[in-house]
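Asker: What follows is a structure written as structure tokens; I'll ask about it next.
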Amino acid sequence: MSALPRLSTIFLAAITTLVALLLYSPLFVPIVSSFFTISHGNVDWSSPTLSTYVALAENHDILVALRTTLIVGVCTVILSVVSGTLLALYYHGRRSGRSLLQFIIFLPFLMPPIISGLALLIFFREIGLERSLLTVVIGHTVFVLAIVYRTVLMRLQSMSRTLIEASYDLGATGWQTFWRIILPNLSSAIVGGAILAFALSFDETMITILVTGTQSTLPVRLWAMMRLGFSPDINALVALILMFTVLLCVLAARFLIPRQVATERT
Amino acid sequence: MNQNTDLLTLRSVSKSYGTVPVLHDIDLSIRDGEFLTVLGPSGSGKTTVLRLIGGLEPLTSGEIRLDGQDIGRMPINRRPFNTVFQDYALFPHLTVSGNVGYGLSVRHIQRKEIARRVAEALELVQLGRFADRFPAQLSGGQRQRVALARALICQPRLILLDEPLAALDLELRRQMQEFLKSIQREIKTTFLFVTHDQEEAIGMADRICVMEAGHIRQLGTPHDLYYKPNCEFVARFFGENNLVAGKLGPIQGELRSIETPLGHLICSISDQPHLKVAAEGAGAYAAFRPEALHLADAKDTDNRFSGTISDMAFAGSSTVVTIAAGADNAAQRLRLRVPSRVDGSALKSGEAVSLSFAPHEGHLVLA
Chain A
2 MSALPRLSTI FLAAITTLVA LLLYSPLFVP IVSSFFTISH GNVDWSSPTL STYVALAENH
62 DILVALRTTL IVGVCTVILS VVSGTLLALY YHGRRSGRSL LQFIIFLPFL MPPIISGLAL
122 LIFFREIGLE RSLLTVVIGH TVFVLAIVYR TVLMRLQSMS RTLIEASYDL GATGWQTFWR
182 IILPNLSSAI VGGAILAFAL SFDETMITIL VTGTQSTLPV RLWAMMRLGF SPDINALVAL
242 ILMFTVLLCV LAARFLIPRQ VATERT
Chain B
10 MNQNTDLLTL RSVSKSYGTV PVLHDIDLSI RDGEFLTVLG PSGSGKTTVL RLIGGLEPLT
70 SGEIRLDGQD IGRMPINRRP FNTVFQDYAL FPHLTVSGNV GYGLSVRHIQ RKEIARRVAE
130 ALELVQLGRF ADRFPAQLSG GQRQRVALAR ALICQPRLIL LDEPLAALDL ELRRQMQEFL
190 KSIQREIKTT FLFVTHDQEE AIGMADRICV MEAGHIRQLG TPHDLYYKPN CEFVARFFGE
250 NNLVAGKLGP IQGELRSIET PLGHLICSIS DQPHLKVAAE GAGAYAAFRP EALHLADAKD
310 TDNRFSGTIS DMAFAGSSTV VTIAAGADNA AQRLRLRVPS RVDGSALKSG EAVSLSFAPH
370 EGHLVLA
């Protein structure tokens, strides 16, 4: 970069700032406007207020939807973490069939959600499974499994094979090796994967709309509110979901990016 | 500990990965309490021998006997051996004492007893102050010592070391060599040490087992291997050597002659019965070390030949002189080591010299 003339550096900086503003400023609009009231379609900028948040907290439907979302999220995390970790452990070190399995696991994640959702919907109808929170949890698990499987498998692959050999060599059984060596070394990857899975489940809309029964999750609730018209509590809800998701992603990154341990030499 | 009894015996042990054989019919006895080094170039199968003994790889055929009992099929975690891995394989989520105590805690030994023995083991490797550190906070040499303490705390019958010094720099490697040797003397446990570094092998081993291409070429003391190599590979691999091809001549007591392009040479065959039974005219090499070769004076009548100095290389305490000898002073390249002098050697490149070595300092190897 230092080779570039000063003028072009300034020009590049200006372009970058402009692009960033255009792309990301819409995200801040609902956050900012959630602190102001709207009357007759115009935002009243004169008096900042938390009234939209108060209204949100008093909205029974929203609170129910939030509870549903949390239940679905927790169940999805448990299911996807257990099965994703087991799949990764089972297929680690195995050559045959791994790429096929990987492909299958990633398919629902990469396909348009509406296709995954429809496929699941048809499947549930064929086997006669009533649409409920259970079907939502299954749908979410199928969707987020790829993330958990991938993060755990990556960690397993970066773990030295000799750690396991050393454990056996020191007299440990397979069970002891799993609980005392393998699992602790996977734990941060599992936690990171779980947080990402939760964030994905929290925001998932398309599949949920298709496979849910009578209950709706927060994004689905939001979708329904939007159809009835733009109300100020939507701003508050969007702002909250946005902040919560950002928080989860920051948290996940902390667990997934290896921490640099200072090496002291004496 | 009696160094004359065998602790572990490998009998016609073979190992293949798929259809690729890596060990061919290995026979090896490890004596109780000895420091045995397995030495060989990469791909010689030396690490495989260690992994078979440790139980990290299954045998293809043959048997491994411990105190006369076949343990070839015994699972790795029941064998009374412990390994020091090349990458140390310290558990990153456990502290130094957690690592060292692991072998005891998986056997459900009482906490108090574990703490006492961990402290003891750390004292032995001089790491008492580092008990609460994590492996990532240690230097290479310290990690190495943690790995050693972790292996010896279980009081194994045999400690297997897989090129444990390969990752250390030269100075530290020398220190660790002495350290390992002194620990081995102190705890009187049998060490099986795998390395490709012959200097390391000479410095530490009671006996050395030289391997090449999945075969054991020679097993003996460092002195034996250096002065009585039994084949061309060992003669070339183990230390610097001059080898001159020729045909065996008659035996004269403990000496035997060989006809070479350098003329009629006489070499020692003491304690090497296979050289006494070899037929006259058989192909062989006369082998003599660079430090055994010297500029001939009037007294030297045996093993005398002439050559031309083609190159001189200063190597610190000594200077390596390369000499072209044989027909037209070109057919044979020989190396000669002379002590270095501050004002330079009296020898000059291109100079014609007369050389000799004493018959008892030369040896023969069959081609």
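Protein sequence lines correspond, in order, to chains A and B.
So the first sequence is numbered by this note's numbering: it starts at 2 and just counts up by one.
So the second sequence is numbered by this note's numbering: it starts at 10 and just counts up by one.
From the three backbone atoms N, C-alpha and C, an ideal C-beta is built for every residue, glycine too.
#1: Any C-beta of chain D sitting closer than 8 Å to the C-beta of residue 65(B)?
#2: Leaving out five residues on either side along the sequence, give the residues of the same chain with a beta carbon under 8 Å from the beta carbon of residue 213(B).
#3: Interface residues of chain B around residue 172(A) at Cβ under 7 Å?
#4: So is residue 227(B) buried or exposed if we call it buried at 16+ other beta carbons inside 10 Å?
#5: Taking 8 Å as the threshold (beta carbon to beta carbon), is residue 154(B) in contact with chain A?
#6: For residue 163(A), would you say it is in contact with chain B, using Cβ-to-Cβ distances shorter than 8 Å as the test?
#7: Under 7 Å between beta-carbons, which chain B residues line up against residue 182(A)? List them in chain order, please.
#8: Counting only beta-carbon atoms, is residue 82(B) nearer than 8 Å to chain A?
#9: Are three or more beta carbon pairs between the region 63–83 of chain B and the region 107–114 of chain B nearer than 8 Å?
#10: On the DSSP letters alone, give me the boundaries of the beta strand (DSSP E) that residue 323(B) sits inside.
#11: Going by Cα to Cα distance, which pick from 75(B), 51(B), 61(B) is closest to residue 15(B)?
#12: Are any of the Cβ atoms in chain A nearer than 8 Å to that of residue 178(B)?
#13: Helix, strand or coil for residue 271(B), going by three-state DSSP, please let me know.
#14: Have a look at the DSSP bridge pairing and note the partners of residue 93(B).
#15: Report the neighbours of residue 177(A) on chain B: residues whose CB is nearer than 7 Å to its CB, in chain order.
#16: Hey, could you find the ends of the alpha helix (DSSP H) residue 63(B) is sitting in?
#17: Kindly say whether residue 190(A), judged by its beta-carbon, lies nearer than 8 Å to any beta-carbon of chain B.
#18: What residues of chain B sit near residue 169(A), judged by a beta carbon separation below 9 Å?
#19: Any C-beta of chain B sitting closer than 8 Å to the C-beta of residue 185(A)?
#20: Would residue 166(A) count as contacting chain B if we go by Cβ distances under 8 Å?
#21: Okay, do the region 79–91 of chain A and the region 148–159 of chain A touch, 3+ Cβ pairs below 8 Å being the bar?
#22: Just the C-alpha distance for residue 223(A) and residue 235(A), rounded to the nearest angstrom, thanks.
#23: Is the CB-CB distance between residue 208(A) and residue 118(A) below 8 Å?
#24: With which residues is residue 108(B) paired in a DSSP beta bridge?
#25: In chain A, which residues lie less than 7 Å from residue 96(B) when you measure between Cβ atoms?
#26: Determine the burial state of residue 26(B): buried for a count of at least 16 other Cβ atoms within 10 Å of its Cβ, exposed for fewer.
#27: Do you know offhand how far residue 139(B)'s Cα is from residue 119(B)'s?
#28: CA-CA distance, residue 175(B) and residue 157(B)?
#29: In the DSSP output, which residue or residues are listed as bridge partners for residue 202(B)?
#30: Counting only beta-carbon separations shorter than 8 Å, does residue 328(B) have a partner in chain A?
#31: Quick check on DSSP: helix, strand or coil for residue 356(B)?
#32: Any contact between the region 166–185 of chain A and the region 122–140 of chain A? By contact I mean 3 or more CB pairs, one from each, below 8 Å.
#33: Between the region 303–314 of chain B and the region 363–371 of chain B, do at least 3 Cβ pairs fall closer than 8 Å?
Answerer: If we stick to the structure as given:
#1: This model lacks chain D altogether; the protein chains it does include are A and B.
#2: As a working note, residue 213(B) is residue 204 in the second sequence. 44, 46, 186, 189, 190, 202, listed in sequence order.
#3: To locate residue 172(A), count along the first sequence from 1; it is residue 171. Per Cβ cutoff of 7 Å: 86, 112, 115, 116, 163.
#4: Taking the first residue of the second sequence as position 1, residue 227(B) is located at position 218. If you draw a 10 Å sphere on the C-beta of residue 227(B), you find 16 or more other C-beta atoms in it, and that means buried.
#5: In the second sequence, counting from the first residue as 1, residue 154(B) sits at position 145. Output row for residue 154(B): interface = no.
#6: To locate residue 163(A), count along the first sequence from 1; it is residue 162. Closer than 8 Å: yes.
#7: Here residue 182(A) refers to the residue found at position 181 of the first sequence. Simply 100.
#8: By one-based count along the second sequence, residue 82(B) stands at place 73. By this cut-off, residue 82(B) is not an interface position.
#9: no
#10: The residue you call residue 323(B) lines up with position 314 of the second sequence. For residue 323(B), the enclosing beta strand (DSSP E) begins and ends at 313–324.
#11: Taking the first residue of the second sequence as position 1, residue 15(B) is located at position 6. The shortest C-alpha separation from residue 15(B) is found at 75(B).
#12: Against the second sequence, residue 178(B) aligns to sequence position 169. Cβ-Cβ to chain A under 8 Å: no for residue 178(B).
#13: Walking along the second sequence from the start, residue 271(B) turns up at place 262. Residue 271(B) falls in the coil class under three-state DSSP.
#14: Along the second sequence, one-based indexing puts residue 93(B) at 84. According to DSSP, residue 93(B) bridges with 170(B).
#15: Taking the first residue of the first sequence as 1, we reach residue 177(A) at position 176. Ordered by position in chain B, the residues that pass the 7 Å Cβ test against residue 177(A) are 115.
#16: Numbered from its first residue, the second sequence carries residue 63(B) at position 54. Per DSSP, residue 63(B) belongs to the alpha helix (DSSP H) from 55–63.
#17: Sequence index remark: in the first sequence, residue 190(A) carries index 189 (1-based). No, because no Cβ of chain B sits closer than 8 Å to the Cβ of residue 190(A).
#18: In the first sequence, the residue the question calls residue 169(A) occupies position 168. Going along chain B in sequence order, the residues near residue 169(A) (Cβ under 9 Å) are 64, 65, 84, 85, 86.
#19: Numbered from 1 along the first sequence, position 184 holds the residue referred to as residue 185(A). So, interface residue.
#20: As a working mapping, residue 166(A) is identified with position 165 in the first sequence. Chain B contact via Cβ: present.
#21: yes
#22: Taking the first sequence and counting its residues from 1, the one referred to as residue 223(A) is at position 222. Taking the first sequence and counting its residues from 1, the one referred to as residue 235(A) is at position 234. Taking the Cα positions, residue 223(A) is about 7 Å away from residue 235(A).
#23: Residue numbering aside, residue 208(A) sits at position 207 when the first sequence is read from its first letter. Residue numbering aside, residue 118(A) sits at position 117 when the first sequence is read from its first letter. Yes.
#24: Here residue 108(B) refers to the residue found at position 99 when the second sequence is read from its first residue. Partner(s): none; residue 108(B) has no beta bridge.
#25: Residue numbering aside, residue 96(B) sits at position 87 when the second sequence is read from its first letter. 161, 163, listed in chain order.
#26: Numbered from 1 along the second sequence, position 17 holds the residue referred to as residue 26(B). The residue in question, residue 26(B), is exposed, as its Cβ has fewer than 16 Cβ neighbours within 10 Å.
#27: For the purposes of this step, residue 139(B) is taken as the residue at position 130 of the second sequence. For the purposes of this step, residue 119(B) is taken as the residue at position 110 of the second sequence. C-alpha separation (whole angstroms): 22 Å.
#28: Taking the first residue of the second sequence as position 1, residue 175(B) is located at position 166. Taking the first residue of the second sequence as position 1, residue 157(B) is located at position 148. Whole-angstrom Cα-Cα distance: 15 Å.
#29: Start at 1 with the first residue of the second sequence, and residue 202(B) comes out as number 193. DSSP, once it has assigned bridges, lists 46(B), 170(B) as partnering residue 202(B).
#30: Reading the second sequence from its first residue, position 319 is the one you call residue 328(B). It does not: the Cβ of residue 328(B) has no partner Cβ on chain A nearer than 8 Å.
#31: For the purposes of this step, residue 356(B) is taken as residue 347 along the second sequence, with counting starting at 1. It is coil, neither helix nor strand.
#32: no
#33: yes
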